[in-house]
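**Student:** I have a structure I would like to understand better, so I am pasting it below and will then ask my questions one at a time.
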Amino acid sequence: MEALSNRSVQVKKRKMTFVEKLYLPAILNGLRITMKHFFKKTVTIRYPEKTRPFAPVFRGKHILKLDDKGAERCTACGLCAVACPAEAITMVAAERKPGEENLYREEKYAEVYDINMLRCIFCGLCEEACPKEAIFLTPETVPAMYNRKDFIYHKDRLVEKKDHSIDITKRQTPGTTHPTNPTA
Ligand code: SF4
Ligand code: SF4
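When we follow the working numbering, the leftmost residue of the sequence shown carries the number 56, and every step to the right adds one.
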């Protein structure tokens with residue numbers, strides 16, 4: 056065949072020596088490299104049992120905060136859903152009934168509040184848009200799951216638990232949770 060350019064090189068296959076044909080030096084060299092790494096400090100960690108320390112600005116899964124009296128702060132205004140670039144938030148608003156004052160802070164509340172964690176990009180814009188300091192991103196990660204529908208977080212997994220409060224005070228406006236600032 057005619058050469059396309061004068062840069063072509065004819066590669067000659069070198070014959071293997073007797074020792075090379077035994078493959079023993081190559082195997083021993085491979086074992087030596089393996090053993091060298093065997094006693095080194097591992098760079099991997101046993102996630103999820105162990106996690107690395109997160110940066111102070113880390114944004115993980117969301118929480119819908121309660122006020123000091125244990126009532127939901129969210130008034131279903133929809134600003135977080137409008138601000139969300141991933142269209143991950145859906146909600147249905149409802150009117151508070153007499154006797155539900157201890158459950159919902161204002162006359163309107165979110166009867167349904169869902170976040171699709173597969174769509175969410177954890178940008179934090181929902182948190183910034185909220186005028187009621189009701190939604191925050193926490194330092195906790197969204198755990199891996201087997202079904203896509205399990206990544207749709209409903210209120211049962213979003214609303215703050217009274218017995219499991221996640222510290223997000225660094226993200227809150229100072230004084231927000233204090234009773235002297237009830238309209239925040
Ligand atoms: S963090 Fe960003 S993407 Fe996720 S729900 Fe909030 S606004 Fe949407
Ligand atoms: S979380 Fe905040 S922005 Fe979103 S609906 Fe509730 S009050 Fe409005």
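Even glycine gets a Cβ: it sits at the ideal position worked out from N, Cα and C. Here the structure is a predicted model, which is why all the values come from computation and not from measurement.
In angstroms with no decimal places, state the Cα-to-Cα distance between CYS181 and THR89.
**Tutor:** Within the sequence shown, numbered from 1, the residue matching residue 181 stands at position 126. Within the sequence shown, numbered from 1, the residue matching residue 89 stands at position 34. Rounded to the nearest angstrom, the two C-alpha atoms are 48 angstroms apart.
**Student:** Between ILE170 and the rest of its own chain, which residues show a CB-CB distance below 7 angstroms, the 5 nearest in sequence each way excluded?
**Tutor:** Here residue 170 corresponds to residue number 115 of the sequence shown, with the count starting at 1. The answer, listed in chain order, is HIS117, ALA143, ILE144, TYR208 and LEU213.
**Student:** Anything with a beta carbon under 7 angstroms from a heavy atom of ligand 2 counts; list them all in chain order.
**Tutor:** The set, ordered by position in the chain, is LEU119, ARG128, CYS129, THR130, ALA131, CYS132, GLY133, LEU134, CYS135, ALA136, MET146, ALA165, CYS181, ALA184, CYS185, PRO186, LYS187, ALA189 and ILE190.
**Student:** Just list the beta strand (DSSP E) runs in the stretch 151-191, keeping only unbroken ones of 3 residues or longer that don't cross its boundaries, in chain order.
**Tutor:** Listed in chain order, the complete beta strand (DSSP E) runs (minimum 3 residues) inside the stretch 151-191 are 163-171.
**Student:** Report back the beta-carbon spacing between ALA141 and ARG174 to the nearest angstrom; my notes put them in contact at under 8 angstroms.
**Tutor:** Your numbering for residue 141 matches position 86 in the sequence shown. Your numbering for residue 174 matches position 119 in the sequence shown. Confirmed, Cβ separation roughly 5 angstroms.
**Student:** Work out the CA separation of ARG151 and THR130 for me, nearest whole Å.
**Tutor:** If you number the sequence shown from 1, residue 130 lands on position 75. If you number the sequence shown from 1, residue 151 lands on position 96. Computed Cα separation, rounded: 10 angstroms.
**Student:** Run through the stretch 95-151 for me and flag every whole alpha helix (DSSP H) of 4 or more residues, listed as ranges in chain order.
**Tutor:** Counting only runs of 4 or more, we get 134-138.
**Student:** Per DSSP, what are the beta-bridge partners of ILE207 in this structure?
**Tutor:** Numbered from its first residue, the sequence shown carries residue 207 at position 152. Per DSSP, ASN171.
**Student:** Under 8 angstroms, do TYR168 and LYS210 count as touching if we go by C-beta distance?
**Tutor:** Indexing the sequence shown from 1 puts residue 168 at position 113. Indexing the sequence shown from 1 puts residue 210 at position 155. Result yes, Cβ atoms of TYR168 and LYS210 sit closer than 8 angstroms.
**Student:** Given this structure, state the Cα-to-Cα distance separating HIS233 from LEU121, to the nearest angstrom.
**Tutor:** Position 178 of the sequence shown holds residue 233. Position 66 of the sequence shown holds residue 121. Residue confidence for HIS233 is low, a pLDDT of 39 falling below 50, so the modelled location carries little weight and cannot support an answer.
**Student:** Shorter than 7 angstroms, the distance from the beta carbon of ILE88 to the closest heavy atom of ligand 1, or not?
**Tutor:** Here residue 88 refers to the residue found at position 33 of the sequence shown. Every heavy atom of ligand 1 is 7 angstroms or more from the Cβ of ILE88, so no.
**Student:** For LEU192, is the beta carbon positioned less than 7 angstroms from some heavy atom of ligand 1?
**Tutor:** In the sequence shown, residue 192 corresponds to position 137, counting from 1. Yes, since a heavy atom of ligand 1 falls inside the 7 angstroms radius drawn around the Cβ of LEU192.
**Student:** Hey, quick one: how far does the alpha helix (DSSP H) through LEU83 stretch, first residue to last?
**Tutor:** Translated into positions along the sequence shown, residue 83 becomes position 28. Start and end: 79-93.
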